[in-house]
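Asker: So the sequence shown is numbered by our numbering: it starts at 67 and just counts up by one.
We treat Cβ as the ideally placed atom computed from N, Cα and C, and that holds for glycine.
Got a structure for you, written out below as structure tokens; questions coming shortly.
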Amino acid sequence: MKLTTGDEIAYYEPSYLKLKKAMEKGKEYPLVFAGKGSANDYKNIDVKNKIAVVQPDIDLGINSHLQFNAQDRGAIAVIIAPTPAWGDYKESDFSPYSIPAVVTSVKDGKKLINELQNGRAVSAQLSGGLWVENPNHDEISDFSSIGAPHTLDFKPEITAPGGGIYSTVFDNQYDVYSGTSMATPHVVGGATLVLQSFYEKGLPKNMNTILKTKTALMNTSKIEYDPNSNNKIPYSPRKQGAGMMQIKNALQTPVLIENKAASAESKGSVALKEIKNQMAQFDLNVIPLSEKKSEEVEYNVYLDVLTDDTEYKEYDLNGDGKPDRSHDYLTLSSKRVKNAVGLLNGKEISYDKPVKIKVKDGKKQNVHVDLILPKDLRKNSFVEGFVRFVPVNKDLPELSMPYMGFYGQWDSLNDSPAWDKDVFLGYTVLWDEMSEMPLGYDAQTGEFNMNHIAYSPNSVLSGVYPSFTVFRNLKEVNLSVENNNGKKIRQLGNFSEFTPDGSPWKFSKNIMAYNDFSVSAEVYPWDATDDQGKVVPDGEYQLTITSTLDYKNAKPQKVKMPVKIDSVAPTIDNIKVEPVDGKYKISWNAEDNEGGSGYDGAILWINGQYQSIPEGATSYLSKVEPKGMVIIGIDWALNVGFNVWGDPGYINQDMLINYLGIYGSNVNEDAPLQINGFAIKKVDWKFKIAGPDGKIVDTFDVKHQAEIHMNWKPEKDLPDGTYSIYTEAIDSDGFKVQAEPTKFTVKQKK
């Protein structure tokens, strides 16, 4: 775009929304600054048949509002002058149903706005085009994925241009896109050219030559260096593979470097897999592309030994001024391994100390590499780098062989439970269906109370279940329960119900960049029973997650999380009522059983009315004089205990029954009476049905259930009429409530 100031500015425009559709060639259009581009910014300016220039604070991703606000005031197009946070020429989503919108660079946009704000009249017309180099062309795109795969194979293998690529799109148009869809054509086209050159050099037309093309592209790639290291340390091979593809170098190299032990498809890299005992070794073959006698080729060979750089950080999670969690966190950059020893054919080698090798007379040469790691290297970390072959003859391309391995046990990495000092993320915890926070977690202190990780077989809940983080693809995850002696007492499941053939579910790793941090196993709640369905004795148990990495010969790894089974309710006694300044102080003693989960709090009913009290309280100041009270003590396992003080006539059904719904009209065998009930704990339900004369015609019970859903059908000879159903709920300690009777009609079929 050419301005009347004499400047020519470049811009990004989507293929479906071209400026040339709104601007006639050779015609100038006035530019008007419209602030941030909001509807209010257009109130006092004239943009009809002009181009609006706007500078919004942030990029919303979808920015069609900038178009429609300008269009509503008659503008033919809108130019977005981005802020530094937005970035140069950034791809953005606009509406194809509005006027064209384009994005300039930060610098050009700022200059244009300054001209307009200083009162200068500026117009623009279409020009022949202006090419602008991507300022980040030597950096790895931030959306590019990172290896290694769960198999510890060498991936990715190569890097190619894929960020901000100007290329063809549908309808004979051009646009700027990013991703593997842009990088892949580069690699395919380059490989085709190299393969053609190999055929011209006399190599046979077979699969082996095709695979040599891949090796040549990897050998001759340009190793990219991280700008965060002042371009002194390479990006990890897990980020860039062998490096940035260089077609010209692949066409010119007289030799190839091959991993001697690898298959033809993988000869361009070395996958060391697990590195044991601080040592690794591998052999490379330096192979001339022509077997004819040729000039001697000499290389200085260097060895880069890298690992992940880390940064120590501390986090105060509860605001008490003390660190609650501290770790060495990955910076996603690499560093050199200090005191690593490298040998090439027995001679010491490093990133700045080369060993010379010569290739002559078209003969293959073997290169043996030994790598000895320092004792203080952090276990369970990647060790990787490049063997770089720098030619003495500067007219020849530099070659390299990337390598990668894992120093430690690849199958041993599970995240510890959130309360463990070695925890990384903290999503491996226990839950029940009511908990908004993990069991045992105190949001005020940011710490876990292990006594509070508890479950009662008498509670209304279905059980306790885990969540866990998958760091790497897993072949199998099995959930079970062990007693404190390590004996398995309950098999919960391995997610095989969700596979077509009934095999264990294979979990892919959690993708944390997508806020995918954990897997919930709520389909397998443990209800405190063993494999025979019997309720286990009170005590400590271990909910065990056994996972096996999808990796050859991987050993199962266990994570155990303690859960307390507690079936005994806390006791409430020594209830006192004392007058205090016209009010009444109510106090009581609350005590849980030895080895229990601990007193959590109480529910207080005064004269049949519910009173809200704080968690853990053992006293309450009442405005009304208590005549009759029920204090319900609750522990962390949700056991419930009752104590009645004063007049028991204030006891009502709400103290034990959360909900009771009995529905039915003209009840008979085809239209049964529906009964649904929920209690605050597992209780015995007793039902009596009385006829029009008050006599009992039927009784039935449901034992030890917190939730009931059932139907009642009258006997065929039961007369038509109005009946009543009476409901009682009784807990294991004998506390009983009676519900108001419900009337219903029976009308038998004729």
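Between 217, 206, 218, 185, which lies nearest to residue 245 when the distance is taken from Cα to Cα?
Answerer: 206
Asker: Excluding five sequence neighbours on each side, which residues of the same chain lie with their C-beta closer than 6 Å to the C-beta of residue 227?
Answerer: Correct list, in chain order: 252.
Asker: Sorted by chain position, which residues of the same chain lie with C-beta nearer than 8 Å to residue 240's C-beta, five sequence neighbours on each side aside?
Answerer: 81, 232, 233, 234
Asker: Going by Cα to Cα distance, which pick from 344, 270, 423 is closest to residue 405?
Answerer: 344
Asker: For residue 304, is the classification buried or exposed, using 16 other Cβ atoms within 10 angstroms of its Cβ as the cut-off for buried?
Answerer: buried
Asker: What do you reckon, are the CB atoms on residue 142 and residue 165 nearer than 8 Å?
Answerer: yes
Asker: In terms of residues, what are the limits of the beta strand (DSSP E) holding residue 189?
Answerer: 189-191
Asker: Please state whether the Cβ-Cβ distance between residue 688 and residue 649 is less than 8 Å.
Answerer: yes
Asker: How about residue 541 and residue 572: do their beta carbons lie closer than 8 Å?
Answerer: Yes, these two residues count as a Cβ contact at 8 Å.
Asker: Using 8 Å for Cβ pairs, my map puts residue 287 next to residue 255. What's the rounded Cβ distance?
Answerer: About 15 Å separates the two Cβ atoms, so there is no contact after all.
Asker: Three-state secondary structure (DSSP) at residue 177?
Answerer: helix
Asker: Compute the distance between the beta-carbons of residue 583 and residue 725, then report whether it is under 8 Å.
Answerer: no
Asker: Under 8 Å, with one C-beta from each stretch per pair, do the region 403-421 and the region 325-337 reach the 3-pair mark?
Answerer: no
Asker: Please report the Cβ distance between residue 641 and residue 670, rounded to the nearest whole angstrom; I am assuming they are in contact, meaning their Cβ atoms lie under 8 Å.
Answerer: Residue 641 to residue 670, Cβ: 11 Å. No contact.
Asker: Taking buried to mean at least 16 other C-beta atoms within 10 Å of its own C-beta, is residue 452 buried or exposed?
Answerer: buried
Asker: Just mark residue 87 as buried or exposed, buried being the case when its beta carbon has 16 or more other beta carbons within 10 Å.
Answerer: Residue 87 comes out exposed.
Asker: Would you please state the rounded distance, in angstroms, between the beta carbons of residue 67 and residue 161? I believe it to be under 8 Å.
Answerer: Actually they are not in contact, since the Cβ atoms of residue 67 and residue 161 sit about 21 Å apart, beyond 8 Å.
Asker: Between which two residues does the beta strand (DSSP E) containing residue 402 stretch?
Answerer: 391-402
Asker: Inspect the CB distances between the region 586-605 and the region 520-536 and report whether three or more fall short of 8 Å.
Answerer: yes
Asker: With a threshold of 8 Å, are at least 3 pairs of Cβ atoms found where one atom belongs to the region 431-445 and the other to the region 350-358?
Answerer: yes
Asker: Determine the DSSP secondary structure at residue 87, reduced to helix, strand or coil.
Answerer: helix
Asker: In or out: residue 661 buried (at least 16 other Cβ within 10 Å) or exposed?
Answerer: Using a 10 angstroms sphere on the CB of residue 661, the tally of other CB atoms stays under 16, which defines it as exposed.
Asker: Do residue 703 and residue 745 have their CB atoms nearer than 8 Å?
Answerer: Cβ atoms of residue 703 and residue 745: not closer than 8 Å.
Asker: On the three-state DSSP scale, how would you describe residue 236?
Answerer: coil
Asker: Could you check the C-alpha separation between residue 398 and residue 442 for me, to the nearest Å?
Answerer: 21 Å
Asker: Within 10 angstroms of the Cβ of residue 511, are there 16 or more other Cβ atoms? Answer buried if so, exposed if not.
Answerer: exposed
Asker: How is residue 477 classed by DSSP in three states: helix, strand or coil?
Answerer: helix
Asker: For residue 679, name the three-state secondary structure that DSSP assigns.
Answerer: coil
Asker: Could you check whether residue 663 and residue 517 sit closer than 8 Å to each other, using their CB atoms as the reference points?
Answerer: yes
Asker: How would you call residue 369, buried or exposed, if buried means at least 16 neighbouring beta carbons within 10 angstroms?
Answerer: buried
Asker: Report the partner residues of residue 497 according to the DSSP bridge assignment.
Answerer: According to DSSP, which records beta bridges pairwise, residue 497 is partnered with 531.
Asker: Taking the CB atoms as reference points, tell me whether residue 291 and residue 280 lie closer together than 8 Å.
Answerer: In this structure, residue 280 does not lie closer than 8 Å to residue 291 by Cβ.
Asker: According to DSSP, simplified to helix, strand and coil, what is residue 172?
Answerer: helix
Asker: Would you report the Cα separation of residue 396 and residue 374, rounded to the nearest angstrom?
Answerer: 7 Å
Asker: For the region 96-127, which segments carrying the beta strand (DSSP E) assignment without a break, of at least 3 residues, lie completely within its bounds, in sequence order?
Answerer: Here the runs fully enclosed are 117-120.
Asker: Looking only at its chain, what residues have a beta carbon closer than 7 Å to the beta carbon of residue 221, apart from the 5 residues adjacent to it on each side?
Answerer: 213, 214, 215
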